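See below for the structure under consideration.
There are 2 protein chains.
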Amino acid sequence: MLSERQRMILNAIIDDYIRSAEPVGSRSISKRGDVTFSPATIRNEMADLEELGLLEQPHTSAGRIPSIKGYRYYVDHLVTLDGVGDQDARKLRTFFAEKMNHWEDVIGHAATVLSQMTNYTSIVLGPEMFSTTLKHFQLIPISDSSAVAIIVANTGHVEHRTITIPDGIAMEDMNKIVNMLNEKLTGVPFYKVKSVLHSEIAKELSRYVEHCEEILTLLEQTITEEQEPKVYLSGASNMLTQPEFKDVDKAKSILGMLEETQLLMQLFQSNPGGIQVKIGTENALEAINQCSLITATYSYEGQSLGTIGILGPTRMEYGKVISLLNYLSKDIALMMSRWYK
Amino acid sequence: MLSERQRMILNAIIDDYIRSAEPVGSRSISKRGDVTFSPATIRNEMADLEELGLLEQPHTSAGRIPSIKGYRYYVDHLVTLDGVGDQDARKLRTFFAEKMNHWEDVIGHAATVLSQMTNYTSIVLGPEMFSTTLKHFQLIPISDSSAVAIIVANTGHVEHRTITIPDGIAMEDMNKIVNMLNEKLTGVPFYKVKSVLHSEIAKELSRYVEHCEEILTLLEQTITEEQEPKVYLSGASNMLTQPEFKDVDKAKSILGMLEETQLLMQLFQSNPGGIQVKIGTENALEAINQCSLITATYSYEGQSLGTIGILGPTRMEYGKVISLLNYLSKDIALMMSRWYK
DNA sequence: GTTAGCACTCCATTTCGATGAGTGCTAACG
DNA sequence: CGTTAGCACTCATCGAAATGGAGTGCTAAC
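Those protein sequences? They're chains A and B, same order as listed.
Residue 3 is where the first sequence starts when you use the working numbering, and the numbers rise one by one after that.
Residue 3 is where the second sequence starts when you use the working numbering, and the numbers rise one by one after that.
Listed below in structure tokens is the structure:
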């Protein structure tokens with residue numbers, strides 16, 4: 003348990019370090035105004051905080067910097083949520099006022115705004131269709147042997163893919179089945195589509211359509227095919243403004259990682275809802291062991307749909323970012339419900 | 003006009019410099035084997051080449067590096083197209099063998115492969131719908147006041163957007179019009195849609211549908227709305243491996259630029275078809291004045307559809323990249339025709 | 001418990017000279 | 001006359017040594 007004074011000092015050090023990116027000395031803390039003790043006293047406390055593992059010393063004659071544990075304590079107990087500034091709020095309002103055609107545009111654009119406002123990197127996971135329901139399913143023939151399958155969800159989300167139609171299958175038969183599927187599957191959540199298909203539809207169809215099995219399998223694959231949510235990335239180059247990544251090799255390993263969509267999705271795997279902060283080595287990936295990742299989920303009708311996140315150096319403006327993500331995730335939810343008023 | 007010997011020397015210098023990224027001295031050229039003159043002779047020629055503006059000297063006691071003009075001469079007269087290596091060819095074959103659902107996936111994936119094979123940054127402009135024709139148009143209602151419009155092109159390309167339906171317009175009326183549009187517009191190239199809409203359809207409809215004007219305007223907007231081609235970017239972090247960008251500020255200005263889709267599209271504006279090489283300051287954007295951009299267009303049925311490009315330092319392996327882009331752009335065309343055999 | 005004072009540590013920056021790669025010029029060579 | 005060997009000169013780079021200064025830990029006094 004820390005004393006009040008220790009907490010003040012820890013807070014002051016982290017604040018300073020977040021601003022300056024340089025080890026903080028006892029003298030500068032003493033001069034800040036909010037901690038009115040002499041440098042010597044502060045030095046003593048700092049030594050204690052270091053013993054507790056909350057601070058570190060790059061070398062004997064330097065000031066202190068926060069350790070991972072120190073940041074963790076700061077985030078859990080000390081950080082003050084600044085709220086969203088006037089300017090940012092205005093920016094967000096104009097952002098949400100913009101008319102956008104695609105669901106995905108909203109999310110993608112949100113990523114851009116987020117990275118611009120924070121000067122960090124933003125990573126946004128697009129909505130998953132998993133929990134939504136099927137609204138419409140359709141095949142549009144393109145040539146003799148190929149067609150475009152279009153799948154619309156109740157959220158207005160559209161998926162489409164090109165499929166190849168095997169030889170010996172008549173378009174008519176396909177259409178019969180598609181019509182049937184539409185009747186039976188509309189309103190069914192995607193995660194149930196597969197079972198409904200097998201239990202209710204398969205037998206009924208088999209009577210009056212040739213090649214039924216084959217067609218059904220094809221369509222089933224088409225509808226249920228794993229559709230990984232899209233990942234939107236913005237402001238990756240902001241990483242380069244951080245002094246901790248002025249070393250090109252470090253920067254490269256992070257930016258390289260950011261290009262691999264697969265890895266990014268891994269980062270977002272544990273998804274308990276609400277705001278989550280992962281500091282330094284708390285992150286699974288080694289490439290971002292010097293970074294912190296703050297994530298928030300956005301939801302629609304109580305269902306968590308996707309995640310928005312900010313990646314920055316461990317020396318991140320936690321207060322600002324947490325407030326912002328909180329604000330934005332709620333606003334996105336709001337916007338979605340308005341969208342389908 | 004350069005003498006044969008000068009061309010050999012210029013070629014040798016550029017080759018060496020592309021490999022090493024360091025100023026090339028007369029001695030190392032002399033030792034390469036393909037130029038059998040003494041260092042002193044080579045020095046004389048180098049001085050001449052410098053006077054011609056083809057070479058530069060970072061400082062008096064350093065070797066020479068190619069100037070923009072030097073690279074230009076190299077690309078126009080000297081470069082040997084290596085062809086595509088076995089390994090790369092194999093990689094491309096497996097790439098094209100993969101089954102992909104979306105048209106866009108092919109293009110996006112091509113960008114990835116391209117950047118991996120070259121270790122440069124690849125930029126790919128997705129297919130434009132401009133020159134394709136309309137195959138199918140449809141509205142799917144999502145809620146009382148919103149619907150998803152789906153537009154399918156003859157290439158299998160799908161566009162969709164969410165539209166808001168104004169109060170006082172019945173879904174029925176909408177559907178009538180949509181059906182009509184499908185009849186009349188199928189097979190019409192997108193760039194003609196607007197005029198056909200006005201000349202052939204407007205008057206005919208106005209007779210038997212209420213609110214005709216309003217609906218038509220809405221749909222027209224929906225169909226013809228500027229759809230900027232998507233930009234796919236891959237391997238941006240490869241820039242950081244280049245010694246010329248070890249300075250973080252330079253790297254930042256380039257990577258920052260790469261994040262702005264708008265700017266990237268600018269880069270691709272002049273689009274004469276075939277392979278195009280822009281070296282250093284020949285590029286419009288200042289941010290890439292130290293880079294070269296090589297682009298190729300890919301086409302379908304004679305129509306140029308989009309562009310694939312490689313961005314790297316001016317010290318780029320021109321021969322390799324040009325061969326590769328040439329190969330790939332043709333393969334994409336091939337693939338597209340096979341897709342709709 | 002707090003603070004002033006002081007010796008000490010160690011990084012960062014500068015300075016300086018040595019090193020060496022590379023040049024331009026001149027003179028000799030075939 | 002083209003080519004080449006030789007040589008003095010330039011200048012970036014590297015390492016060692018010197019300097020400065022920020023910050024600490026400890027002790028003793030308040």
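Ideal Cβ positions, reconstructed from N, Cα and C, are used throughout, including at glycine.
Quick caveat, the model's predicted, so the values are computed rather than measured.
Counting only the same chain and skipping the five closest in sequence on each side, list residues whose C-beta sits under 6 Å from that of ARG163(A).
-> Hits under 6 Å: ALA151.
To the nearest angstrom, report how far apart PRO25(B) and ASP333(A) are at their CA atoms.
-> Approximately 56 Å, taken between the alpha carbons.
Under the three-state DSSP convention, the category PHE247(A) falls into = DSSP places PHE247(A) within a helical segment (H, G or I) once states are collapsed to three.
Alpha carbon to alpha carbon, what distance is there between SER301(A) and VAL160(B)?
-> In this structure, the CA atom of VAL160(B) is about 27 Å from the CA atom of SER301(A).
For HIS111(B), which of helix, strand or coil comes out of DSSP?
-> It is helical.
Chain A contacts made by the segment 290-324 of chain B, where a contact means CB separation under 8 Å = Within the segment 290-324 of chain B, no residue has a Cβ that lies closer than 8 Å to any Cβ of chain A.
Look up LYS232(B) in the DSSP assignment and say whether it is helix, strand or coil.
-> Looking at LYS232(B) - three-state DSSP - the assignment turns out to be coil, as it is neither helix nor strand.
Counting contacts by CB-CB distance shorter than 8 Å, is ALA286(B) in contact with chain A?
-> No, because no Cβ of chain A sits closer than 8 Å to the Cβ of ALA286(B).
Step through the CB atoms of chain B and report whether any lies within less than 8 Å of the CB of VAL126(A).
-> Chain B, which has no Cβ nearer than 8 Å to the Cβ of VAL126(A), makes this no.
Beta bridge counterpart(s) of GLY314(B) as assigned by DSSP | Bridge partners of GLY314(B): SER294(B).
N- and C-terminal bounds of the alpha helix (DSSP H) containing PHE98(A) | Looking at the DSSP string, the run of the alpha helix (DSSP H) that includes PHE98(A) is 88-99.
Give the interface partners of ARG9(A) over in chain B, defined as CB-CB distance under 7 Å, in chain order.
-> Close partners of ARG9(A) in chain B (Cβ separation under 7 Å) are lacking, with about 36 Å as the shortest Cβ gap.
Quick one: does ILE225(A) have its CB under 8 Å from some CB of chain B?
-> Judged by the 8 Å Cβ criterion, ILE225(A) is not in contact with chain B.
What residues of chain B sit near THR219(A), judged by a beta carbon separation below 7 Å?
-> Here the premise fails: no neighbours, minimum Cβ distance about 15 Å.
Just curious, the alpha helix (DSSP H) that THR164(A) is in, first and last residue?
-> No alpha helix (DSSP H) holds THR164(A); the beta strand (DSSP E) holding it covers 160-166.
For chain B, find out if any of its Cβ atoms is closer than 8 Å to the Cβ of ALA253(A); answer yes or no.
-> Yes, contact with chain B.
Would the beta-carbon of ARG45(A) fall within 8 Å of that of ALA14(A)?
-> The answer is no: Cβ separation not under 8 Å.
With ILE144(A) as the anchor, note down where its alpha helix (DSSP H) starts and where it stops.
-> Run containing ILE144(A): none; DSSP gives neither H nor E here.
Beta strand (DSSP E) containing LYS194(B): first to last residue?
-> No beta strand (DSSP E) holds LYS194(B); the alpha helix (DSSP H) holding it covers 192-198.
Kindly identify the DSSP beta-bridge partner or partners of TYR300(A).
-> As a beta-bridge residue in DSSP terms, TYR300(A) pairs with GLY308(A).
Within the 8 Å Cβ cut-off, does ALA64(A) reach chain B?
-> By this cut-off, ALA64(A) is not an interface position.
Chain A contact residues for ALA238(B), given Cβ-Cβ distances below 8 Å | Result: ALA238, LEU257, GLU261.
Could you check how far apart the C-beta atoms of SER40(A) and SER32(A) are, in whole angstroms? I think they sit under 8 Å.
-> Taking 8 Å as the upper bound for CB-CB distance, SER40(A) and SER32(A) are in contact here, some 6 Å apart.
Min CB distance GLY158(B) to chain A below 8 Å | Under the Cβ criterion of 8 Å, GLY158(B) is counted among the residues facing chain A.
Residues of chain B with CB under 9 Å from SER339(A), in chain order?
-> Simply none; closest approach about 11 Å.
Write down the C-beta distance between GLU188(A) and LYS137(A) rounded to the nearest angstrom, noting that I regard them as a contact closer than 8 Å.
-> At residue 188(A) the sequence reads Thr, which differs from the Glu that was named. About 7 Å; that satisfies the 8 Å criterion.
For LEU141(A) and ILE153(A), the rounded distance between their alpha carbons = Approximately 9 Å, taken between the alpha carbons.
Find the residues of chain B that neighbour ILE171(A), judging by a C-beta separation of less than 7 Å, and give them in chain order.
-> Neighbours of ILE171(A) on chain B: none; closest Cβ ~16 Å, over 7 Å.
Just tell me which of ARG317(B), GLU230(B), THR309(B), GLY311(B) has its CA closest to the CA of PRO245(B).
-> Looking at the Cα atoms, ARG317(B) is the closest of the given residues.
Closer than 7 Å, Cβ to Cβ, to anything on chain A: give me those residues from the segment 88-113 of chain B, in chain order.
-> Residues of the segment 88-113 of chain B with a C-beta atom less than 7 Å from some C-beta of chain A are ASN103, HIS104, TRP105, listed in chain order.
Measure the C-alpha to C-alpha separation of SER236(B) and GLY258(A) and round it to an integer number of angstroms.
-> Taking the straight line joining both Cα atoms gives about 10 Å.
Within 8 Å, strictly: CB atoms of MET176(B) and ILE217(B) | Contact flag set, yes.
Straight-line CA distance for GLN118(A) to ASP88(B)?
-> The alpha-carbon separation between GLN118(A) and ASP88(B) amounts to approximately 44 Å.
Which residues share a DSSP beta bridge with GLN271(B)?
-> According to DSSP, which records beta bridges pairwise, GLN271(B) is partnered with nothing at all.
Cβ-based burial, SER331(B) [other Cβ within 10 Å; buried from 16] = The residue in question, SER331(B), is buried, as its Cβ has 16 or more Cβ neighbours within 10 Å.
Taking the C-alpha atoms as reference points, what is the distance between ILE20(B) and GLU319(B)?
-> Distance between the alpha carbons of ILE20(B) and GLU319(B) is about 7 Å.
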